[in-house]
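Read left to right, the sequence shown gives residues 1 to 287 (the working numbering).
To keep things clear, I will list the structure first and then write my remarks on it.
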Amino acid sequence: MHLRVLHRTSFTYAGKAHDSFNEVRLRPVDDHTQRCREFKLHLTPGAVPREYSDFYNNTVHYFEIIENHPKLVIEAFSLIDTTPSSDRDPVPRVPTDDLKSSPEREMLAEFYNSSHYVPLEVELWREAQDALAEGRSDVWSDVRRLGEHIYRRFAYRPKTTGVSTRATDVLKLRMGVCQDFAHVHLGLCRSMGIPARYVSGYFFNTTRRPREVEASHAWIEAWIPGFGWAAYDPTHARIADDRYIKIAHGRDYSDIRPVNGTYRGAPTRSLKVDVTVREAPPGAPAP
1 MHLRVLHRTS FTYAGKAHDS FNEVRLRPVD DHTQRCREFK LHLTPGAVPR EYSDFYNNTV
61 HYFEIIENHP KLVIEAFSLI DTTPSSDRDP VPRVPTDDLK SSPEREMLAE FYNSSHYVPL
121 EVELWREAQD ALAEGRSDVW SDVRRLGEHI YRRFAYRPKT TGVSTRATDV LKLRMGVCQD
181 FAHVHLGLCR SMGIPARYVS GYFFNTTRRP REVEASHAWI EAWIPGFGWA AYDPTHARIA
241 DDRYIKIAHG RDYSDIRPVN GTYRGAPTRS LKVDVTVREA PPGAPAP
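This is the structure in structure tokens:
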């Protein structure tokens, strides 16, 4: 599938801002599920971004604006080819005992232990036990069952949680948005000893209604011995397919914040994020 993305973040200040330093993780990754054909970052006021790869090999662009400015606009344009689902290797059935004895597991400790948004408290373990009450199966089936449990038992309710809400808070509320469900899913997987990581990106909604709000999306990837990372979306209870565009991954949201920075001056008066994902003709240029 050929997809085009526009991600615009606008900060308006109650006066003037200056000495602004920012990092953004907005460039889609290149892997076996997708290829980023083109990426452009446009900044207002004008600045020249530089880039580096972070600890998790995500592309990070950074820039600074010293002079006074009443507004900051960050626009990221991307053109991506996603691999058709029919061309992707199926996830194999791997017994859970094979995961425990896998030599790779020792290298993935940060993905099955606590992190900032996913503290592995006993409540998450109990929830995972309820979800797998019929017994353990193979690793990928367990990951899917845990995700389906969230889809059935938790309500999608925007504005009931915030950017600082942790998985244990969502567990009590039983509601939230995609970021919250991804954190809960990570907690359930990790409490069962399954390495799992947070993924940020976009979802191309083929059933989008006119004027329906679009936004960034979040899901998880779980480690399957002998296969690698397999992606599952608990918000929609499905395996991530060619409608999904991956931007970055990490232990949780704190590792992949799309826009993160500091500045001096007047307080922020408003923050607005606009996301547009559209299908593009093969060979079409980025806007």
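Note that beta-carbon positions come from the ideal geometry of N, C-alpha and C, so glycine has one too.
Measuring alpha carbon to alpha carbon, tell me which residue in the options is nearest residue i.
i      : options                           : result
Ala182 : Lys172, Glu23, Arg197 and Arg27   : Arg197
Ser53  : Ser78, Val24 and Arg35            : Val24
His7   : His32, Ala17 and His42            : His42
Leu3   : Gln34, Thr165, Tyr156 and Glu106  : Gln34
Leu26  : Ala133, Pro281, Tyr253 and Lys246 : Lys246
Ala17  : Asn68, Arg190 and Pro103          : Asn68
Asp142 : Glu221, Thr83, Glu279 and Met1    : Glu221
Lys100 : Lys40, Val139, Val48 and Gly46    : Val139
Pro103 : Ala237, Gly226 and Arg50          : Gly226
Arg157 : Arg174, Asn113, Leu146 and Arg144 : Arg174
Lys40  : Glu51, Ala76 and Gly261           : Ala76
Pro70  : Arg264, Arg152 and Ala133         : Arg264
Asn260 : Arg278, Glu64 and Glu38           : Glu64
Val94  : Ala133, Phe204 and Ser137         : Ser137
Phe294 : Pro119, Leu72 and Thr82           : Beyond the ends of the chain as shown, which are 1 and 287, falls residue 294; an answer cannot be given.
If you check the beta carbons only, do residue i and residue j fall under 9 angstroms apart?
i      : j      : result
Tyr240 : Trp219 : Residue identity check: residue 240 is Ala in the sequence provided, not Tyr. Yes, the pair counts as a contact, with Cβ atoms nearer than the cut-off.
Val5   : Ser78  : yes
Thr96  : Lys272 : no
Gly176 : Thr160 : yes
Leu186 : Asp233 : no
His116 : Ser254 : yes
Gly201 : Ala230 : no
Ala14  : Pro267 : yes
Val184 : Glu127 : yes
Thr276 : Arg243 : no
Pro258 : Ser191 : no
Phe154 : Asp130 : no
Tyr56  : Ile256 : yes
Pro49  : Tyr62  : yes
Ile74  : Cys36  : no
Thr262 : Ser20  : yes
Ala237 : Ile150 : yes
Cys189 : Leu146 : yes
Met107 : Glu279 : no
So, is residue i buried or exposed, given that buried needs 16 or more other C-beta atoms within 10 angstroms?
i      : result
Thr59  : buried
Ile66  : exposed
Asn22  : buried
Pro281 : exposed
Pro28  : buried
Asp31  : exposed
Val163 : exposed
Thr235 : buried
Gly250 : buried
Arg144 : buried
Gly228 : exposed
Asp274 : exposed
Arg211 : In this predicted model, Arg211 has a pLDDT of only 49, less than 50, meaning its place in the structure is not dependable; the value taken from the coordinates is given anyway. Answer is exposed; the Cβ neighbour count stays below 16.
So within the stretch 76-151, which uninterrupted beta strand (DSSP E) runs reach at least 3 residues, ignoring any that extend past its ends?
none
Would you list, in sequence order, the uninterrupted alpha helix (DSSP H) runs of no fewer than 4 residues that lie entirely inside the stretch 172-257?
178-191
Beta strand (DSSP E) runs wholly inside the stretch 21-72, at least 3 long, in chain order:
34-44, 50-53 and 59-65
Quick one: any contact between the stretch 122-140 and the stretch 160-177, if contact means 3 or more CB pairs under 8 angstroms?
yes
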